[in-house]
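The structure appears right after this line, and notes come after that.
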Amino acid sequence: DPRGLSGLVEDLAAELPKSSILLGSCVTSIVQTSSGVVVSWYDPHHHERRASCAKLLCTVSLGVLRAEHINFSPPLPTFKQDAINSITMCGYTKVFLVFDVGFWSPDHEYLLCKSAVFPVWHSLLKPQELPILVAHCTGDEARRDDEAGRVNCLNWNLERECFYTMYLS
1 DPRGLSGLVE
11 DLAAELPKSS
21 ILLGSCVTSI
31 VQTSSGVVVS
41 WYDPHHHERR
51 ASCAKLLCTV
61 SLGVLRAEHI
71 NFSPPLPTFK
81 QDAINSITMC
91 GYTKVFLVFD
101 VGFWSPDHEY
111 LLCKSAVFPV
121 WHSLLKPQEL
131 PILVAHCTGD
141 EARRDDEAGR
151 VNCLNWNLER
161 ECFYTMYLS
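Residues in the sequence shown are numbered from 1 upward in steps of one, following UniProt numbering.
This is the structure we're talking about:
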């Protein structure tokens with residue numbers, strides 16, 4: 001499916017009432033009961049909410065599972081906790097740069113700069129619609145950027161990365 005994972009989400013959501021899809025919420029607990037599942041969360045206004053359902057598909061990130069932001073009851077089985085803890089994560093940094101005006105061609109969805117610290121750049125939408133570029137880096141460079149702090153990372157990218165050379169010099 002050329003839609004990627006969004007296709008799965010769209011297909012599943014199409015069969016649900018629109019009122020049952022909640023965005024911008026933070027799940028705090030998932031409790032399995034004899035009659036189903038009870039999910040607790042905070043809505044975007046920080047009000048605690050709760051709902052019951054027959055079944056639940058939980059698709060949170062490894063980082064959320066490791067940080068134990070969600071209380072599972074009963075707890076996840078030991079073999080699952082061991083698997084979660086055994087997966088190593090590399091450093092990953094994603095920087096969103098919002099511009100007043102899109103200066104890159106709408107034909108350039110991706111910018112690849114092999115020698116750059118951030119070797120992969122992509123445009124979220126056509127620059128005329130929403131001029132945002134997203135830069136990605138992993139490994140040691142990502143850890144370095146994380147340690148340098150947000151402002152230093154941004155300044156470094158604006159001054160040295162390939163899109164500056166290609167479009168702004």
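By construction, the Cβ of each residue, glycine as well, lies at the ideal position given by its N, Cα and C atoms.
Exercise. Taking C-beta to C-beta, are V37 and L23 nearer than 7 Å?
Worked result: Within the sequence shown, residue 37 is the residue found at index 37, counting from 1. Within the sequence shown, residue 23 is the residue found at index 23, counting from 1. No. Outside cutoff.
For this session: At 4 residues or longer, and completely inside the region 31–76: list those alpha helix (DSSP H) runs for me, N to C.
Result: Counting whole runs of 4 or more residues, the region 31–76 contains the alpha helix (DSSP H) stretches 62–67.
For this session: Report the rounded CA-to-CA distance for L16 versus S40, giving the unit in angstroms.
Result: Start at 1 with the first residue of the sequence shown, and residue 16 comes out as number 16. Start at 1 with the first residue of the sequence shown, and residue 40 comes out as number 40. Annotation: L16 to S40 spans about 19 Å, alpha carbon to alpha carbon.
Exercise. Is the CB-CB distance between L112 and S123 below 7 Å?
Worked result: Position 112 of the sequence shown holds residue 112. Position 123 of the sequence shown holds residue 123. No, Cβ-Cβ distance for L112 and S123 is not below 7 Å.
Exercise. Can you name the residues that DSSP bridges to S29?
Worked result: Taking the first residue of the sequence shown as 1, we reach residue 29 at position 29. BP columns for S29 point to S40 and N71.
For this session: Whole angstroms is fine: what's the gap from N71's alpha carbon to T88's?
Result: Here residue 71 refers to the residue found at position 71 of the sequence shown. Here residue 88 refers to the residue found at position 88 of the sequence shown. Going from the Cα of N71 to the Cα of T88 covers about 22 Å.
For this session: Return yes when the Cβ of A135 is within less than 7 Å of the Cβ of W121, no when it is not.
Result: Position 121 of the sequence shown, counted from the start, is the residue given in the question as residue 121. Position 135 of the sequence shown, counted from the start, is the residue given in the question as residue 135. In this structure, A135 lies closer than 7 Å to W121 by Cβ.
Exercise. Which residue comes first and which comes last in the beta strand (DSSP E) that contains K94?
Worked result: Position 94 of the sequence shown holds residue 94. It spans Y92 to V98 - the beta strand (DSSP E) in which K94 sits, taken as one unbroken run.
Problem set entry | 6 Å CB neighbourhood of D43 in its chain, flanking five on each side removed | By 1-based counting over the sequence shown, the position of residue 43 is 43. Same-chain partners within the cutoff: S25 and R49.
Exercise. How about T93 and C137: are their beta carbons less than 7 Å apart?
Worked result: In the sequence shown, residue 93 corresponds to position 93, counting from 1. In the sequence shown, residue 137 corresponds to position 137, counting from 1. Judged by their CB atoms, T93 and C137 are nearer to each other than the 7 Å cut-off.
Problem set entry | F118, buried or exposed, once every other Cβ within 10 Å from all chains shown has been counted against 16 | Position 118 of the sequence shown, counted from the first residue, corresponds to residue 118. The residue is buried, with at least 16 neighbouring Cβ atoms inside 10 Å.
Exercise. Beta strand (DSSP E) containing S123: first to last residue?
Worked result: Here residue 123 corresponds to residue number 123 of the sequence shown, with the count starting at 1. Where S123 is concerned, the enclosing beta strand (DSSP E) starts and stops at V120 to S123.
Problem set entry | V9, DSSP secondary structure in three states | Your numbering for residue 9 matches position 9 in the sequence shown. In the three-state scheme derived from DSSP, where H, G and I count as helix and E and B as strand, V9 is classed as helix.
For this session: Provide the residue span of the beta strand (DSSP E) that contains T88, from first to last.
Result: Along the sequence shown, one-based indexing puts residue 88 at 88. For T88, there is no enclosing beta strand (DSSP E), since its DSSP letter is neither H nor E.
Exercise. Residues in its own chain within less than 8 Å of R66 by CB, not counting five upstream and five downstream?
Worked result: Working through the sequence shown from its first residue, we reach residue 66 at position 66. Within the same chain, Cβ atoms closer than 8 Å to the Cβ of R66 are found at I84 and N85, the five residues on either side in sequence being excluded.
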